[in-house]
Structure formats: structure tokens, C-alpha cells
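**Q** Each residue of the sequence shown is one higher than the last, beginning at 1 in the working numbering.
For reference, the structure I am asking about is given below.
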Amino acid sequence: MALARGRGRAFASTPVTTRRGRARARVRASAARDVSPDRVAASATGAKTGKRVFRFGAGAADGARDAKGSLGGKGANLAEMSRVGLSVPPGFTVTTETCADYHENGSELPPGAWEEMVEGLGHIEQALDKKLGDAENPLLVSVRSGAAVSMPGMMDTVLNLGLNDACVEGLAKKAGGRFAFDSYRRFLDMYGNVVMGVDHHKFENALERMKKDVGAKSDEDLTEANLRDLVEIYKGVYASEGVAFPQDPYEQLKLATFAVFDSWNSDRAKKYMSINKITGLRGTAVNIQAMVFGNMGETSGTGVLFTRNPSTGENKLYGEYLVNAQGEDVVAGIRTPSDISTMAEALPQAYDQLVKNCELLESHYKDMQDIEFTVQEGTLYMLQCRSGKRTGAGAVKIAVDLVKDGFVTEEEAVQMVEPTHVDQLLHPQFKDEKAYKPDVIGSGLPASPGASVGQIVFTTEDAEVAKAEGRKVILVRVETSPEDVGGMDAAEGILTARGGMTSHAAVVARGWGKTCVSGCTDLTVDERGKTLTLGGVTLVENDWLSLNGTTGEIIRGRAELAPPSVTEDLGLFMSWVDKFRTMKVFTNADTPEDAAAARANGAEGIGLVRTEHMFFGSGERIRAVRRMIMAKDTPSRETALDELLPYQREDFKGIFVAMSGLPVTIRLLDPPLHEFLPDGELDDVISLLSEDTGEDEDSIVDRIEKLAEVNPMLGFRGCRLAITYPEIARMQVRAIFEAAIEAEKEGSTAIPDIMVPLVGTVAELEDQVALIRQTASVVFAEQGKTIDYRVGTMIEIPRAALLADQIAAHAEFFSFGTNDLTQMTFGYSRDDVGKFLPTYLEKGILKHDPFQVIDRDGVGQLIKMSVKNGRSARSDLKVGICGEHGGEPMSVEFFAQSGLDYVSCSPFRVPIARLSAAQAAIRAKKDVSPP
């Protein structure tokens, strides 16, 4: 594949697949063109396809309010901060549409974009009376990414752009030689890594050797002479890698812009978007902004803060800063910074102004803000603000407090909390913190709260493998980088030796609800040898470790966990949620204990009781089931069923009592009978079944052969089983109604809904409805009491969805079994889809795993059509969903739009579904699409 560059020339005849390969191709391409401003001004060609560049700072704010789609979150907020009068260094934003066009045009800027960027530079140069590339008065800029959705650390940044061998001397004359060459070596490092594809560790190793050689304890101890030498060493790193550092600042700018655009498609960015289900964005914006310098001595500094504590929600500034440093030092965790409160003494005037700015921004945006700032020789500059990532506990408290303070309404507060935040609050905590104290081997910064227990791993790759194997792990690193995003997602918790409360590890962990302890300076990590040493203890890979992200404690071994507790703030918040919700939330529960837990979490009924799960409650139950399966005739089968009846009745009664006054939807036996047979070697299975049933082994073998199926999921199960062996369904229906009557006699109110599974024809449903009603009449006559009930069906076969109006003539409710409906609509086996699904997701053939997020285009259309046609035949048809999608936020949104009465999900996902349903209702009222 030829990579076309310049005007009508090709500069690569082989695929450019590596980061370094792309970087070299960019350099060759740019070298073929004159990118000087004079040349650009004289050669503007091509019609502009809409405005590409929007200015901000120094009295300019071109971007429209809330224009995050085009300007990205960072660009939109820089424009907004300029509007409200904050001190924002001047700059301009290149739109996300330009990024999309760049990728669609074979990594070429669209016509007119570069010319607009040069005009944007003019805005900065005029505001500061400096010029890019001027050897006497050089302008330096930062080049940063900024998507419409916050993706911390996932895309690239370049600082100090504009320095070269001539400009650094001019900067030295104006601001001092040490500062100038410190900035230059930083630029060479970052530019080499981000743009040229040179491994950052090659520069880092050179820095460490320099410090060792001259006896410097920290970077600040290096002299101007040391830094001049280091610059030359860094240039040698470039040469050793076969790349040349471009001295032309305009070439630097163009290639850096390309690199930021390219980082939109980086593995880490794509993985982050996949993990967070971020779709529909066109690309990243690029923000080019005048540099301000926090590394100009003791009156300068840089920091990151949140206007409220993102872990707890406490209304107090939370953050860190470093004196005489640049921003990447804080964010990357290279140096462990100081708490923001101490800035009041170190830089008092700048701190006072910072506090006022924080109050102004929070009032303006009506939300907790994540802010980056720099102090240059005592003057405060605001570099970024955005809605801050927060934990579940922080999100709920912030939302509640903002309502109490009059900043937002209850409806707005409900929209501020994400379903994943509620999920975090349902995670376990340590059962007894005093009990594990003897096993505490050290502590670090409590960067993200919670309790996590897992086996130690030292690499992202090992964490991802462990997750695929179903193992829980703790990822231990010296420091994390954006490349570790996959491992952080796979791990239960993260432990780092370096980095502060606002480091990459901390910010990402809090956003995901992962426990994180960072900045444990006593921790020694040998990633190659796969060991850690702390508190005199050495642990190796796969040893167990526990982290308390609330206290920062690091605990050897497996500390005991306990279920979470519901806070007063969460209870109040969920009362607001239910005020706006229009769709009910039921639960999938198979035991009285699950039913009680779900009701405590706000479930308004049970949408699915899987009766087959009850048969595994004890050894006697499963043996009775096996006797029923192996029965040669109806009488012997009924004998076995008579043994099962009391067990079923007992379980149903417990569920009715737990859900008294709420509907309970019970699905009749669904899975293939062979699933109740034991696993193991055939001889052992035969022997066990012979012992359980009293049958000879030849008869057992004959029965197993008859039960064998090529494709059991499409075989002898569901209503097919009950039609062939009606005595099974009669036993279950009898157990349901006898349990309901017993529960009512003891003061509970039973509301049973009986669901027929796997219906594909009207006749199948007619047969089962007749059996159920006949059995009910018999039981009611025997008991001298009746119970109100409904009979419906699970819509899980596409044919049933297509015949919804005919099915509804015999069904009083529909419950969509979206697991099987997805399986049969796509023709994907749920058991085998893992063999190709990762490839489909990676290549974009599918946007989501359809077994996790409902397929709106295919399966969703069947659901919509079924609801419409079913209600045309029965206007009071009750419709819900009981598949795994019932607790997934994007799916809940779709079900609400489709007119379903309820969703049903696992007990611990009920609060998540409640919030998702409320947010869907609010958006529907406002006719706003989901984010």
C-alpha cells in the first residue's frame, strides 16, 4: 500500500503499520513540502469544508457554547473559560471533523485546514507579541488532544513545541539558561516518544545516568551545563533510532498534530472506548495553546485539582501541585506532589485566585470540576476544566449536596450520576478492618476507595489473561501509563510505587470504580523478576494481596469481604430516581433469599423464576430429578415428580412471602433434561445413576443415548418438554398454586404469573395454557380457595415475535428472553461466540457484544414489532424483558423507548436498572438522545 504524501508523490511503498513507521512516513512526507508561513499564505488551495479552527483566550472565544461535538470537551471548556473572564493562555482548537477527514483522506489534512491553523497561530503571536520559530523571542505551544467524551491519558500530548537549537538560546537569554534547556530536553523526550515513536525509557535512562554521574538526587539538581549535555545526549538517542529531530517549528507543529490525530486510533484509546462503551464520536480535537511555564523557579508551579473530593464527595478542594515543574510531572506520576492545601503557603496569591476560580467554575457549570493550572512567576493560568471523574460514593454525595445547595434540581441530579456509579456502591467492603491489621505490610495514597482482593500480577498482559481465566488479580506497577488501560480494566485493584492522587492510575481507577493505592514510596517492584518487596516482605506473582483504597493500606493475603451498606445519601438519591421513572424494575430470582435481597434493592416484582435452578438445592432434589428423567413410563415418572412437589412448593411459598403483594413470574421447566445428569467419565456417571435410580446399567446407557442431542439449545426443552411429558408441567403448576394458597393463608399476598418457555407456534401455547388452567381449577377445588393469576409466554424464538398478535390472543403477558432471542436471530451460539466475537468487535463488524448490549437494529426491531402487534390484539398486554440485557443501561434505554412495562435483572443490578430507567424517562420527556 502506497502512503501518498505531498503533491502527487508517494513516500512509502510498503505498509506503515508500526508507530515508528508512521512517524518516519510523516517526517518524509513533511520534508517534501514547504510548511513555512510564507509558503502557506501563498499556496492556499482547495475549498474549505466549513470552519476548522476556533480561537480562545486573550479576549477571543470563537467556539459555540456546549459545542463539544466539534471542539471536544477541552476545546469547548477553554472557550467557555475565556468567556467568563478567566486567565486562559491564548490558543485555538482544530475540530473533531478535521480529525475524521484526516483519517478518511489517508492521513492528510483536508484542504484549507493547515492555512486556518497558521491563522490561529497568528492569534497567539499577536496576543503575546511572540513568534513561532523566532530565535530572539520564540513562541512555544502545547499540542493536546480533546475528545467530546473525557478519556484521561488515552491520547497524546506534546509540550514546549517550537524549540530548536536557535530558539533555545533566545529563550535562555530571556528566561535563563537552566529553564530553557530543561524545557528543551523535556520537548525532545516527549516529541521523540509521541511523534517519532522513540521509546520514552531511552530518554528516561539517559536522564537517570546523567543524575548518577553528577550526583544529582532529583531533576532540579541538574545545572544548566548538565542540561545542555543532556540535550545533546537526547539528540543522540534520535540518531541511534534512525530518525532526525525536525528543527523547523512549523514542521514540528504539523507532525505533532498528525500524531495526536493518530492517537485517536491507538490501541489504548480504542480499548478505553470499548471498555466504556464510547461510540459515535468522529475523532479528537487538537488544542494548540501558548505554553505557560511552571518550571521557572520557586515562584512557579503546576497542579491538578478537583473542586470537591472525587472519592467521597466532600465539599473541599482535592488535588496536588508541584513547584518548579510542568504538568506532565503531576499527571504521569513521575514525581510525588504536595497536597493542594499547602499551596496556600507556598504560592499564597495564586492560591487565593485559584480558590475564587474554582468557585466560579463550579457555579457556572453546576458540577464538580477537574482543573489543570499553571503558575508562572506568581501569575495563575487556567489550562483546563472539565466535569471531574468520581467514584460512586462521590457521585451520589455531590449530586445530593448540589441539590441541597440549590445549584441543581432533583431531575438534574438524577442525570448527573452514572449507572456504573450506583454499581460501585454495591461492591463489597472489608468485613473487619481490625482483623487484618497484623497483615498490613505498608501503605500508600488512598487514590480510589473500596476493597479489593486478588492475586498479584505485574503486567497488563498477565492481568488480561487472568481475567479471561476467571481469576481476580491486583495489578502492581512502578507507575501506570495509558498503555496499561487493559490491565487496569481486568484487575480488581491497582497498586503503584509512584504517582499521586491525581496521577493517571488514580484518575482512571476512580472513574471505573477500581480500588487504587498509589505513591507507595517504600514499595520496590521488580517487574522483570515478578516480585514486590514492602515492609520487609517479598511477594511473588500469584501471591494473594488485598488493598484498602479508602485508607491506603496494603494487606498481605486475602482479607475477608462483606456486603456493602446503603448510605443515607444513596437512599435519598434513589427516592428521586423513582420519582422520575416510568418503567418498572423487576428481578430475576430463584430463591427466597435472592427475592428478599432484590426487594431491599427496590425490585417491584420478579420477572423470572428459573424453576430448574431449584432442583439443585440438595442432593435429594437432584436425585429425584434424575429418577424422573430415567423413568421408563408415566407412572414411574409421576412417582419421582411427587417427590419433587414438596420441594417446589416450599420454594415457591418462600418467594411469594418475600415478594408479598408484588407479581412473581415463574417460568416452567426450560432446559434440556440431560443438563440434570452428572458430569464425569461415562462409567462413573452410569454407576451413579444406577445407584440413584435403582435401574440396571444397560437401561441407563440406553436412556442416556436417547437423551443425547446434536444441538441441545434447539432441542428437547421448554414447552416441547411439557407437551411431551405433561405430568412435569402439572406438577410445577400444582406446586405454584398450592404455595400461593399457603402463603395467603399465612397473611401474604401472592400474585403468580406463569410463563410458558420456548413457544414457536400458537398451538404450543394453546396446549400449555389449557393444561395450566385445568390444573389450577383442580387445585382451587381441592383447596376451596382461588388465586388471581396470569398466563403468558417468553418470546425467545423469532417466529413467536413474528406472530405476536396471534400469540397475544392466548397470552396475558410477554416476557422477552433476549439471551435466546439474540442467539437465534443472529445465529450465534452463546457458548461458542467467544471464538470470533473479539475479532468482530476489534474490526468494527459489531459495535457491541450483542449478548451484553441489545442489538437495536435486528433483535430490537423484533421486540418493537412484537410489542406493537401484541397490543393490537390485547390492549392490556403486559410486556417486559428478563434476559441479561435487563440491567444494562443502554439496553434499558431502548426498552423504555420501546414501550415495555418493566425490565428484570439480577438482584444486585436492580438499582442500576432503576437509575437507567429514570434517566431514559427524563431524556424522553426532553427528547434528548443518550450520551
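We treat Cβ as the ideally placed atom computed from N, Cα and C, and that holds for glycine.
#1: Using only the alpha-carbon positions, how far apart do V609 and G760 sit?
#2: Kindly identify the DSSP beta-bridge partner or partners of S145.
#3: Just to confirm before moving on: does the CB-CB distance between E812 and G834 stay below 7 Å?
#4: Using DSSP bridges, identify the partner residues of W576.
#5: Residues bridged to D484 by DSSP?
#6: Which residue from L572, E372, Q353, Y250 puts its Cα closest to that of F306?
#7: Does DSSP put C520 in a helix, a strand or coil?
#8: Sort out for me which residues DSSP pairs N939 with in a bridge.
#9: Taking all protein chains shown into account, decide if A907 is buried (16 or more other Cβ within 10 angstroms of its Cβ) or exposed.
#10: I think E604 touches K584, with their Cβ atoms under 8 Å apart; what is that distance to the nearest whole Å?
#11: Give the C-beta separation of T531 and V540 to the nearest angstrom, bearing in mind that I take them to be a contact with Cβ-Cβ under 8 Å.
#12: When the Cα of W264 is compared with those of M151, A206, G50, T591, which residue comes out closest?
#13: Of the choices G450, V478, A447, whose alpha-carbon is the least far from that of V457?
#14: I need the DSSP call for V853, collapsed to helix, strand or coil.
#15: Do you know offhand how far G303's Cα is from C385's?
#16: Considering just the uninterrupted stretch of the beta strand (DSSP E) at L803, what are its terminal residues?
#17: Cβ of A269 within 7 Å of Cβ of M190?
#18: Just to confirm the assignment, what range does the beta strand (DSSP E) spanning C905 have?
#19: Do the segment 83 to 100 and the segment 273 to 289 meet, that is, are 3 or more Cβ pairs less than 8 Å apart?
#20: Taking the C-alpha atoms as reference points, what is the distance between R471 and D831?
#21: Ignore the nearest five residues each way along the sequence and tell me which others in P449's own chain have a CB closer than 8 Å to its CB.
#22: When the Cα of E433 is compared with those of A559, H810, L171, which residue comes out closest?
#23: For P663 and D876, I'd like the C-alpha separation in whole angstroms.
#24: Expressed to the nearest angstrom, what Euclidean distance is found between the alpha-carbon atoms of A781 and F737?
#25: Helix, strand or coil: how does DSSP classify P152 here?
#26: Using the C-alpha atoms, what's the distance from E314 back to I398?
#27: Would you kindly work out how many angstroms separate the C-alpha atoms of D698 and I795, rounded to a whole number?
#28: Could you give the distance in angstroms between the alpha-carbon of E766 and the alpha-carbon of V756?
#29: Can you say whether K271 is buried or exposed, counting buried as having 16 or more other CB atoms within 10 angstroms of its CB?
#30: Expressed to the nearest angstrom, what Euclidean distance is found between the alpha-carbon atoms of A596 and P564?
#31: Thinking C-alpha only, which one of G197, L207, V195, K202 is nearest D182?
#32: Drop a sphere of 10 angstroms on the beta-carbon of V942, count the other beta-carbons inside from all chains shown, and report buried for 16 or more, exposed for fewer.
#33: When you compare only the Cα positions, how much space is there between E553 and I441?
#34: Starting from W544, trace the beta strand (DSSP E) both ways and give me its first and last residue.
#35: Compare the C-alpha of P850 against each of V867, V879, R874, D820 and name the closest.
#36: Give me the Cα-Cα distance between R932 and A497, rounded to the nearest whole angstrom.
**A** Reading from the atomic positions:
#1: As a working mapping, residue 609 is identified with position 609 in the sequence shown. As a working mapping, residue 760 is identified with position 760 in the sequence shown. Cα to Cα, V609 sits roughly 21 Å from G760.
#2: The count along the sequence shown starts at 1 and reaches residue 145 at position 145. S145 is bridged to V286.
#3: As a working note, residue 812 is residue 812 in the sequence shown. As a working note, residue 834 is residue 834 in the sequence shown. The Cβ atoms of E812 and G834 do not sit closer than 7 Å to each other.
#4: For the purposes of this step, residue 576 is identified with residue 576 of the sequence shown, where counting begins at 1. In the DSSP output, where bridge partners are listed per residue, W576 has none listed.
#5: The residue you call residue 484 lines up with position 484 of the sequence shown. Residue pairing from DSSP leaves D484 without any beta-bridge partner.
#6: Indexing the sequence shown from 1 puts residue 306 at position 306. For F306, the closest C-alpha among the options L572, E372, Q353, Y250 is that of E372.
#7: Working through the sequence shown from its first residue, we reach residue 520 at position 520. Three-state DSSP puts C520 in coil, outside helix and strand.
#8: There is simply no residue 939 to check, as the chain begins at 1 and stops at 931 in what is shown.
#9: The count along the sequence shown starts at 1 and reaches residue 907 at position 907. First, the residue type needs correcting, since residue 907 is Pro and not Ala in the sequence shown. Counting the other Cβ atoms within 10 Å of the Cβ of P907 gives 16 or more, which makes it buried.
#10: Taking the first residue of the sequence shown as position 1, residue 604 is located at position 604. Taking the first residue of the sequence shown as position 1, residue 584 is located at position 584. With 8 Å as the limit, E604 and K584 qualify as a contact, their Cβ atoms being about 5 Å apart.
#11: The residue given as residue 531 occupies position 531 in the sequence shown. The residue given as residue 540 occupies position 540 in the sequence shown. Taking the Cβ atoms as the reference, T531 lies roughly 5 Å from V540, within the contact range of under 8 Å.
#12: Locating residue 264 in the sequence shown gives position 264, counting from the first residue. Scanning M151, A206, G50, T591 for the CA closest to the CA of W264 turns up M151.
#13: Start at 1 with the first residue of the sequence shown, and residue 457 comes out as number 457. Out of G450, V478, A447, V478 has the C-alpha closest to the C-alpha of V457.
#14: Position 853 of the sequence shown, counting from 1, holds the residue named residue 853. If DSSP states are grouped into helix, strand and coil, V853 belongs with coil.
#15: What you label residue 303 is simply residue 303 of the sequence shown in a count that begins at 1. What you label residue 385 is simply residue 385 of the sequence shown in a count that begins at 1. One C-alpha to the other measures close to 12 Å.
#16: In the sequence shown, the residue the question calls residue 803 occupies position 803. Counting along the chain, L803 falls outside any beta strand (DSSP E), and DSSP gives it neither H nor E.
#17: If you number the sequence shown from 1, residue 269 lands on position 269. If you number the sequence shown from 1, residue 190 lands on position 190. No Cβ-Cβ contact shorter than 7 Å links A269 with M190.
#18: As a working note, residue 905 is residue 905 in the sequence shown. C905 -> beta strand (DSSP E) spans 902 to 905.
#19: Cβ pair count under 8 Å is three or more, so yes.
#20: For the purposes of this step, residue 471 is taken as the residue at position 471 of the sequence shown. For the purposes of this step, residue 831 is taken as the residue at position 831 of the sequence shown. C-alpha separation (whole angstroms): 20 Å.
#21: The residue given as residue 449 occupies position 449 in the sequence shown. S311, T312, T391, A393, T515, G549, T550, listed in sequence order.
#22: As a working mapping, residue 433 is identified with position 433 in the sequence shown. Ranking A559, H810, L171 by CA distance to the CA of E433 puts A559 first.
#23: Taking the sequence shown and counting its residues from 1, one reaches residue 663 at position 663. Taking the sequence shown and counting its residues from 1, one reaches residue 876 at position 876. Distance between the alpha carbons of P663 and D876 is about 16 Å.
#24: Sequence index remark: in the sequence shown, residue 781 carries index 781 (1-based). Sequence index remark: in the sequence shown, residue 737 carries index 737 (1-based). Each residue's Cα considered, the two are about 11 Å apart.
#25: Taking the sequence shown and counting its residues from 1, one reaches residue 152 at position 152. Residue state, collapsed to three classes: coil.
#26: Residue 398 sits at position 398 when you count from the first residue of the sequence shown. Residue 314 sits at position 314 when you count from the first residue of the sequence shown. Cα to Cα, the separation comes out at about 8 Å.
#27: Here residue 698 is taken as the residue at index 698 of the sequence shown, counted from 1. Here residue 795 is taken as the residue at index 795 of the sequence shown, counted from 1. Whole-angstrom Cα-Cα distance: 40 Å.
#28: Within the sequence shown, the letter at position 766 stands for residue 766. Within the sequence shown, the letter at position 756 stands for residue 756. Put simply, the backbone Cα of E766 is about 10 Å away from that of V756.
#29: For the purposes of this step, residue 271 is taken as residue 271 along the sequence shown, with counting starting at 1. So K271 ends up on the buried side.
#30: In the sequence shown, counting from the first residue as 1, residue 596 sits at position 596. In the sequence shown, counting from the first residue as 1, residue 564 sits at position 564. Rounded to whole angstroms, the separation of the alpha carbons of P564 and A596 is 16 Å.
#31: Along the sequence shown, read from residue 1 onward, the residue named residue 182 stands at position 182. The option with the nearest alpha carbon to D182 is L207.
#32: The question about residue 942 has no answer, for the chain in this structure spans 1 to 931.
#33: One-based indexing of the sequence shown puts residue 553 at position 553. One-based indexing of the sequence shown puts residue 441 at position 441. Answer to the nearest angstrom: the Cα atoms are 8 Å apart.
#34: The sequence position of residue 544 within the sequence shown is 544, counting from 1. Note, W544: beta strand (DSSP E), 544 to 548.
#35: If you number the sequence shown from 1, residue 850 lands on position 850. Nearest option by C-alpha distance: D820.
#36: Limits of the chain in this structure are 1 at one end and 931 at the other, which puts residue 932 out of reach.
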